[in-house]
Every structure is written in structure tokens, then in C-alpha cells.
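Sequential numbering of the sequence shown, starting at 82, is according to this note's numbering.
Glycine included, every Cβ here is placed at the ideal spot set by N, Cα and C.
What follows is a single structure, written as C-alpha cells, with notes after it.
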Amino acid sequence: MLRIDFETRGVVDLPKRGVHIYAADDNTEVWCMAYAFGDEPVEIWVAGEVLPNRIAQYVEDGGLVGAWNAAFELAIWNTIMGPRYGWPELRVEQCRCTMMMAAAMSLPLSLDKAAKALRLDVTKDMVGHRIMMRMAKPRKLEPLTWWDRPERTEKLYAYCKQDVEVERLAAGKLRDLSDSEQALWVLDQKINARGVPVDMDSVAWLIDWCESERERLNSRMASVTNGQVNDCTNVGLLAAFAGVASVAAGVMGEHISNSSGAIKEALELRMQYAKTSTKKLEAFQRGTMDDGAMRGIFQFYGAESTGRWSGRRVQPQNFPRPSCSQEEIERRIAERDFASLTEVSDCLRAMICAPEGTEFVCSDFSSIEARVLAWMAGEEGVLDIFKRGGDVYIHAAAGIFKVAEAAVDKSQRQIGKVAILALGYQGAKGAFNSMANAYGVMLPERQVENIVEGWRKANKQIVAWWYNLEETATKAIHNKGKKYTAGPVTLVHKLGHLWVKLPSGRLLCFPRAKIGTVKKPWGDGVGIKYVGENSYTRKVEWLTTYGGKICENIVQAVARDLLAEALVRVEAGGYQVCMHVHDEIVAVGDGLEKFEQIMAEAPAWADGLPLGAEGWQGRRFRK
């Protein structure tokens with residue numbers, strides 16, 4: 082295998098705008114490329130040199146090319162090196178991404194952090210990294226001036242060579258992606274390169290309108306407060322004017338209801354001002370290319386321990402849910418008729434818009450995690466509900482309140498919904514209350530305790546599976562190399578890691594898993610530890626897991642595998658996928674009924690899993 086690593090410089094903000102825009106910019110240049118064939122010493126190619134014939138011939142012949150972040154190297158090679166210097170095309174099918182191999186084992190996406198987690202003898206040159214970061218950005222834009230003294234350039238070359246060395250060592254300790262996962266990564270690259278179509282005219286208009294609306298609100302704030310508060314963002318001055326300790330979002334409703342006159346209006350102005358942000362609109366603007374497509378916003382293996390995708394930059398996964406109908410949203414956009422900043426938030430999804438003359442077809446799995454959890458745990462009562470097209474939230478409420486399903490009222494159904502979402506992964510009172518607050522459900526503590534107890538009694542197979550998973554994982558760690566089953570999954574501790582084989586055949590990994598003293602939601606004790614990246618500190622450290630959390634990882638991983646297989650089938654069915662959000666696929670094409678049928682088709686490994694899919698067809702993305 083040929084392993085490569087580019088070092089580049091440019092004026093485009095790479096993290097904010099993405100590699101596709103970065104590589105397409107005329108000012109982006111390549112400093113050098115470190116490379117190595119197999120176990121041979123790492124060599125360096127520098128700008129101005131001819132590409133060695135051995136490399137050119139190898140790529141033309143279809144040889145495999147490995148890199149830590151192969152998506153970056155692929156974009157630089159084909160967008161810059163090919164057109165400018167005549168390098169042969171590097172096909173995505175030839176690429177192997179070591180970063181994805183690490184991610185598939187729940188290791189960090191950073192080469193430095195992954196090297197530390199793997200305890201490599203050679204680690205990333207962080208001094209060289211700091212030099213690279215300074216050299217990658219211009220000192221001045223006019224005239225364009227770079228920080229490129231010869232002695233620093235030599236350090237950059239050494240840094241680049243060491244990256245290839247570390248990447249090669251890491252690859253030797255990582256498991257190759259399976260053929261199916263490698264093919265899925267290739268599809269992911271094609272979807273990311275295809276891009277998400279954006280209505281840039283509406284985005285630009287909304288950014289301008291939001292700015293003028295904020296100016297109006299600030300002007301009114303200054304008027305209403307007699308100049309004491311000149312800007313709605315001056316929360317300290319506003320709190321003093323209103324005579325309250327804080328104007329944080331959580332207390333504003335109470336303050337407004339207890340106020341009148343100028344104070345009430347000032348507080349309301351602040352609430353209006355804070356209702357939405359233009360950050361997502363600006364992210365649309367930064368990340369969209371001249372052809373109206375936003376590329377590279379989906380991160381393959383972005384979610385630790387599950388393999389799910391995550392979003393980058395715009396992140397459609399966390400768009401706010403609209404508060405009005407799709408018809409009203411489309412009317413506002415068409416007529417440029419907006420009365421408040423809140424109405425802008427309603428329209429964020431709709432900025433994703435199919436090209437003229439085409440439409441989106443979209444479908445998502447119905448209650449996918451609840452279905453997968455019941456199927457994996459063997460909770461037949463819940464599965465029967467799905468099979469007969471019943472309401473699983475009503476079923477949950479009936480079990481909690483010990484009444485017939487026909488007797489469940491609206492408020493009880495809402496509690497059933499919260500229970501399913503909050504309690505399925507060993508959550509208790511705290512998890513229920515946190516979820517309940519999000520849904521506007523407030524209950525006395527004793528009632529919450531009864532609900533938790535009632536849900537667990539009604540879902541005994543799920544509860545049993547939590548404990549079975551933890552016990553089985555513990556046995557596997559104690560008895561290295563021996564396989565154990567827990568329902569439809571197999572666990573084994575091998576090569577220093579705990580592996581969980583899913584029904585799809587894909588493996589989840591808990592790196593360097595061991596038994597030790599851990600913190601669980603209900604208190605300290607003996608439990609399972611593994612090495613990973615702390616989502617809050619971003620440091621590589623010992624993390625904790627337990628039965629319910631392992632259960633959640635597995636369920637989300639299986640849901641991801643179902644989505645992955647659906648993506649492959651949808652593309653094979655003649656649709657062009659442009660995005661996917663959680664358990665939803667959005668594509669350009671015709672035939673919603675056919676699309677839904679493709680989505681609802683259960684793979685061979687998911688026999689007995691009742692899948693459901695519902696969708697819509699139209700030009701603008703919606704919920």
C-alpha cells in the first residue's frame with residue numbers, strides 16, 4: 082500500500098468552510114507530500130518537483146492509497162494536484178482511511194489522540210504541528226504573504242514525514258474496515274461530494290432581514306428604557322433596569338408575567354431578540370459552493386461507540402422543529418413575509434431545497450430505537466404492538482398505569498412516550514425528569530418512582546437484557562479469548578479490547594476494556610472501564626460503561642446499520658441521496674411509495690424486526 086500525507090496552505094478557513102471549498106480555492110497551495118510504499122522509509126515530495134513515476138504508475142494501475150484522513154487527501158489530490166500538475170486521477174475506491182479504522186474501534190478521530198490511546202512508540206510531532214498551523218495560514222492577505230522561512234520549511238517536511246510514520250504504525254494496530262463498511266465509506270464520500278442543495282437566494286435575504294430586525298429591536302429597546310439599555314444583548318444593564326437578578330432564558334417567562342409597562346416590553350424585546358440565531362444561516366452561506374451545493378457535512382463514524390454519522394458545520398441533525406405548517410413556511414419564503422425572528426427559525430430546514438424541476442423524496446424509520454430495543458431484548462409484547470400497527474406509547478402507558486389500552490388518555494400517552502424515551506437504557510428518576518421537562522411534563526417525585534417501577538415491570542425482558550449484557554461483558558473481560566452471547570449479540574475480549582458482534586456482523590469495540598472501580602449514575606462500584614475521548618474535556622482517558630449504556634450503544638448501532646443498508650438500497654434503486662438525518666434519508670428522484678418500500682425492507686440479518694417507514698415528497702426539506 083502507498084501511504085500519503087499532504088501539507089497545504091490557504092486563505093480559506095478549512096474547519097468552517099470544509100475541504101471541498103478549501104481545495105477549490107485558487108489560493109490553496111500544497112507544500113509537500115510525505116509518502117511510503119509498504120514498510121519502506123518515508124520519502125518527501127515538495128512543490129516544484131515532478132511526481133515520481135513509481136507513484137503515478139501505481140495510482141494509474143489502481144493501487145490502494147492509505148491516509149489518516151483520506152477524504153482530505155482525496156480532495157487535494159483530485160482538485161489541486163490533478164488539474165494543476167497533471168497527476169493521475171485517484172479514485173475514491175482506491176482509498177483506505179486509517180482514521181475511519183480508528184473510529185470503527187471507538188478511538189478518537191485525531192491522529193495524536195488515537196496514537197496515545199493505542200500507546201504507539203512514535204507519536205505525532207506536536208511541535209511540528211504548531212509550526213504547520215502557523216505556516217498554513219497567510220500572515221497578510223494583500224499582498225499574500227506566507228510564514229515560510231527555510232528552517233521552518235524543513236521542520237514542516239519532517240513533521241509531514243512523521244505523520245505518515247505514525248499513521249502507518251496506527252494502521253498496524255487497527256482492524257481493517259470490513260468489505261461492506263469500506264463500500265459504505267465509499268458511498269459516504271460520493272454523497273458528501275454530491276452535496277446538499279441550498280436555496281442561497283433565500284439564505285442571503287434572511288441574513289439581511291435578521292440584521293435589520295435586530296437593529297429595529299435594539300432601537301426600540303433604547304427608546305423603551307430611555308437610553309439605559311441600548312442593545313438587547315446587554316443583559317446586565319437589562320437586569321438592572323428590570324430590577325431582577327438575571328434575565329436568563331429559564332426565568333424570563335416568570336419575570337414577564339410579573340411585570341408591566343416599560344419593564345415588561347423591554348423583557349419581551351430581549352426574548353424576541355434571543356429567539357433565533359443567524360449562525361446556521363451564516364453556516365449555510367460559508368459552506369455552500371458556487372453551484373449551490375453544500376458539501377462534506379456528514380462525518381462517517383462520527384458518533385463514538387455506535388458508528389452513527391454526525392454533522393459538521395451546518396449540522397442538520399439539530400435543526401429546530403418548526404412551530405407552523407409546511408404550507409405556511411413555504412408561503413413566508415415565497416412572499417418574503419416574516420414578522421419575527423422566531424419565524425426565521427421555522428424556515429431553517431426549508432433552506433435545503435431541491436434543484437429547479439426536481440423534488441426530494443424522503444422517508445424515515447418509525448420509532449426505530451423502540452423497535453430495535455424490543456427486538457433485541459425479545460420483548461414480544463412490544464413487538465406485537467408494532468406488528469399490528471398499534472401505538473407503542475399507549476401500550477407503555479397502559480403498562481405503567483395498569484389500565485386497558487383503550488382507557489389511556491392523552492396525558493397518560495405523553496407519559497408513556499417519555500417513559501419509552503427515558504427509561505429504555507436503565508434510566509431512572511433523573512433520566513425521566515430530564516426527558517419529561519423537555520416535553521413539558523411535570524410530575525411529583527413519588528409518581529415518577531411509580532412510573533419507573535411500572536415501566537420496568539411491564540418490560541421485564543428489556544430490564545433482564547441490561548443486566549445480562551453487563552454480566553456477559555464482565556465474564557468476557559475476565560476470560561480473554563472466550564466468546565459469550567447475550568441475546569442476539571456475541572462478546573469477546575481479544576487483542577486487548579472488548580468486541581461486541583452485532584446481528585449485522587459489524588463489530589463494536591470498547592478499547593482496552595477492563596474491570597475496575599467506576600462511577601455509575603446510581604453510585605460508585607466495580608464495573609467496566611475502557612479508553613476513549615471524554616466528550617466534555619476532549620481528553621483521552623478511562624471511561625465508564627454499564628449494562629444500560631452498552632444496551633444503548635448496541636441499539637443505536639443496529640439502527641445505524643439499518644440506515645446504512647437502506648442507503649445502499651436507495652442508491653441502487655435509482656435515487657440520488659443528498660443527505661440523511663438520524664433515521665431519515667433525503668434523496669432526489671421520483672416515486673415516494675417505492676422509496677418507502679425500500680426503506681421498510683428488513684435485511685436478512687434482521688428477521689422478525691417489524692420495520693415501518695413514512696415519508697413525503699416536495700421541493701423543500703421539512704419535518
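Look up residue i in the DSSP assignment and say whether it is helix, strand or coil.
i, result
"C590", "strand"
"P96", "helix"
"G241", "In the sequence on display, residue 241 carries Cys and not Gly. Residue state, collapsed to three classes: helix."
"F381", "coil"
"F400", "coil"
"P122", "coil"
"F441", "strand"
"C291", "helix"
"R430", "helix"
"M457", "helix"
"Q353", "helix"
"V284", "helix"
"K194", "helix"
"W168", "coil"
"D86", "strand"
"K582", "strand"
"R177", "strand"
"S417", "The amino acid occupying residue 417 in the given sequence is Arg; Ser does not appear at that position. R417: coil per DSSP, three-state reduction."
"F702", "coil"
"G163", "helix"
"E526", "helix"
"K205", "coil"
"E695", "strand"
"S261", "helix"
For residue i, which option in the options has the closest C-alpha, if you only look at C-alpha atoms?
i, options, result
"M660", "E409, F118 and I433", "I433"
"Y611", "C176, W149, G696 and L199", "L199"
"V662", "D372, M181, P397 and P691", "P397"
"F441", "V651, S340 and S338", "V651"
"F400", "G511, D445 and V425", "V425"
"G209", "P219, M186, C241 and S187", "C241"
"Y116", "T109, W126 and E110", "W126"
"R233", "A251, W697 and M214", "M214"
"D86", "L318, E248 and T359", "E248"
"L222", "N108, R703, Q243 and L690", "N108"
"S304", "Q263, L350 and G497", "L350"
"A274", "R84, R172, D289 and E526", "R172"
"I596", "G331, P584 and W623", "W623"
"L589", "V639, S616 and A329", "V639"
"K360", "K218, K97 and E682", "K97"
"K137", "P122, E437, R402 and W158", "At residue 137 the sequence reads Ala, which differs from the Lys that was named. Per the Cα distances, W158."
"D289", "W547, S358, G334 and E262", "S358"
"M114", "E154, G99 and V93", "E154"
"G276", "M370, N518, P133 and L95", "M370"
"E633", "V395, L225 and L504", "L504"
Can residue i and residue j be called in contact, C-beta distance under 8 Å?
i, j, result
"G91", "D106", "yes"
"L362", "V636", "no"
"W266", "C178", "yes"
"A500", "A477", "yes"
"K630", "Y506", "yes"
"V669", "Q657", "yes"
"A326", "L348", "no"
"M281", "G144", "no"
"L192", "W228", "no"
"K564", "T571", "yes"
"T387", "R641", "yes"
"K236", "I272", "no"
"A185", "Q270", "no"
"V146", "C176", "yes"
"L550", "A567", "yes"
"I666", "A683", "no"
"C291", "Y354", "no"
Tell me the start and end of each unbroken beta strand (DSSP E) in the region 590-665 that is at least 3 residues and wholly inside, in chain order. 595-601, 604-614, 621-626 and 657-662
Fully enclosed by the region 467-522, which alpha helix (DSSP H) runs are 4 residues long or longer? 473-482, 491-504 and 510-519
Going residue by residue through the region 207-236, where are the continuous alpha helix (DSSP H) segments of at least 4 residues, counting only ones entirely within it? 207-216
Sequence ranges, alpha helix (DSSP H) only - wholly within the region 315-341, length at least 4: 316-323 and 330-338
Can we say the region 411-426 touches the region 371-383, given the rule of at least three CB pairs closer than 8 Å? no
With three or more C-beta pairs closer than 8 Å as the rule, is the region 292-299 touching the region 385-403? no
Would you be able to state if there are at least three C-beta pairs under 8 Å between the region 465-475 and the region 534-549? no
Please list the segments of the beta strand (DSSP E) lying wholly inside the region 545-572, counting only runs of 3 or more residues, in order along the chain. 565-567
Would the region 480-488 and the region 580-596 be scored as touching if the rule is three or more Cβ pairs under 8 Å? no
If you scan the region 109-160 from start to end, which runs of the alpha helix (DSSP H) of 4 or more residues do you find wholly inside it? 134-141 and 151-157
Using 8 Å as the Cβ pair cut-off and three pairs as the minimum, do the region 446-460 and the region 686-703 touch? yes
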